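First comes the structure, then the notes that go with it.
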Amino acid sequence: MATQALCQSRAVVRKALTPCADLASTRLPVFIQHKRNVIPNLSSGDAAIGRQIGLPRTNDIPSSFRSFHSSPILKKKKDKGKKGGEDAATEASSKADATNVDPFDLSQLNDGIRDAVTRLKNDVSKLRSGGRFNPEALENLRVHLVKGGKETIKLGQLAQVVPKGGRIVTVLVGEEDHVKPTMSAIVASDLSLTPQQDSRNPLQLNITIPPPTKESREQTVQVAKAAAEKAANAIRNARGSVHKRLQDMQKKKLARPDDIRKAHDEMEKVQEKGQKEVKDIFEATKKALEQA
1 MATQALCQSR AVVRKALTPC ADLASTRLPV FIQHKRNVIP NLSSGDAAIG RQIGLPRTND
61 IPSSFRSFHS SPILKKKKDK GKKGGEDAAT EASSKADATN VDPFDLSQLN DGIRDAVTRL
121 KNDVSKLRSG GRFNPEALEN LRVHLVKGGK ETIKLGQLAQ VVPKGGRIVT VLVGEEDHVK
181 PTMSAIVASD LSLTPQQDSR NPLQLNITIP PPTKESREQT VQVAKAAAEK AANAIRNARG
241 SVHKRLQDMQ KKKLARPDDI RKAHDEMEKV QEKGQKEVKD IFEATKKALE QA
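Residue numbering for the sequence shown follows UniProt numbering, starting at 1 and increasing by one per position.
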């Protein structure tokens, strides 16, 4: 009886240990795969085995083991064209700054003098001198194509001015509709000229240049004097801009006081030289007009 009970007990023990033996021989699933930090879902069979040994379900995986992903940080490419423009602007700004801190840079004054003298020479060249008439005086007149209109056009674009020798000048108008406006512009000018329409060619205007009188000479001299004063004012304005820049540099202590003083003296010398050139041009023009 005791032997039979012992055998039954052994059978129960073997039956209880059988699942454990089977489980030990069974390959457990890989719970965590190290491929891109992704944890795969367990199959139904693997899940059953996991429950038998007390593994947590995939839904209950701690947050520290859950999958995650990251996006690369993309940097916007720089616009080469914009960069080139910024570089050019920076370079120009650097040059401007270099000019502003150099007290001996008188380029602004020199440019102003050159422009003023060039304009003066051009103006006096259009005046009558030595009994001769400059065709440009006619070509530069403004013509109103529409009576009472504000729009004007240069006479030289509508007609051709041809000196015929002596005191005769011919104006050949391109279109018949422009003949009367051209005649009106010549009569209204301060040249004291009276155009006559040619009897054989309606597009041709004949102008007789009157000999210079004392009054006409004086009037022309006044025109030359006004042009000279305009040039002198332009030089003074250019000098004033440079003087203001030097004062600003002295106030901000961008240069040594001694350098600013020397630059100021040099500025005055350049300005005086420009004014003398303007005066010489006017005196030469005045002499030629009075002897005409």
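Virtual Cβ for every residue (Gly too), placed ideally from N, Cα, C. Predicted, not measured: the structure shown is a model, and the values here were computed from it.
Between the options, which lies nearest to residue i when the distance is taken from Cα to Cα?
i: L191; options: E218, N122, P103; result: E218
i: T208; options: V171, D265, L246; result: V171
i: K126; options: L138, L109, T118, E268; result: L138
i: L205; options: T118, I186, T220, G112; result: I186
i: V117; options: S189, A228, P211; result: A228
i: G148; options: P181, L155, G156; result: P181
i: K154; options: I168, V173, V169; result: V173
Going by DSSP, name the residue or residues bridged to residue i.
i: P163; result: V169
i: T195; result: What sits at residue 195 in the sequence shown is Pro, not Thr. Beta-bridge pairing links P195 to I207.
i: H144; result: T152
Hey, quick one: how far does the beta strand (DSSP E) through residue i stretch, first residue to last?
i: I207; result: 204-208
Counting only the same chain and skipping the five closest in sequence on each side, list residues whose C-beta sits under 6 Å from that of residue i.
i: T285; result: V124, A224
i: I134; result: Strictly speaking, residue 134 in this sequence is Asn, with Ile absent from that position. Same-chain partners within the cutoff: K126.
i: Q271; result: R239
i: R256; result: none
Excluding sequence positions up to five away, which residues of its chain have a Cβ less than 7 Å from the Cβ of residue i?
i: E283; result: none
i: H264; result: L246
Can you tell me where the alpha helix (DSSP H) with residue i in it begins and where it stops?
i: H243; result: 214-252
i: R256; result: Looking at the DSSP string, R256 is not in any alpha helix (DSSP H), and its letter there is neither H nor E.
i: R114; result: 107-125
i: L138; result: 136-139
i: P181; result: 179-188
Tell me which residues share the same chain as residue i and place their Cβ nearer than 8 Å to its Cβ, disregarding the 5 neighbours each side in the sequence.
i: K121; result: I281
If you measure from the beta carbon of residue i to each beta carbon in chain C, is any gap under 7 Å?
i: E277; result: The chain inventory of the structure shown lacks chain C, comprising one protein chain alone.
Do the stretch 269-285 and the stretch 232-250 make contact, defined as three or more Cβ pairs closer than 8 Å?
Counting C-beta pairs with one atom in each stretch, the stretch 269-285 and the stretch 232-250 have three or more that are closer than 8 Å, which means they touch.
Inter-stretch contact (C-beta, 8 Å, three-pair minimum) for the stretch 106-124 and the stretch 160-179:
The stretch 106-124, when compared against the stretch 160-179, does not touch it at the 8 Å Cβ threshold.
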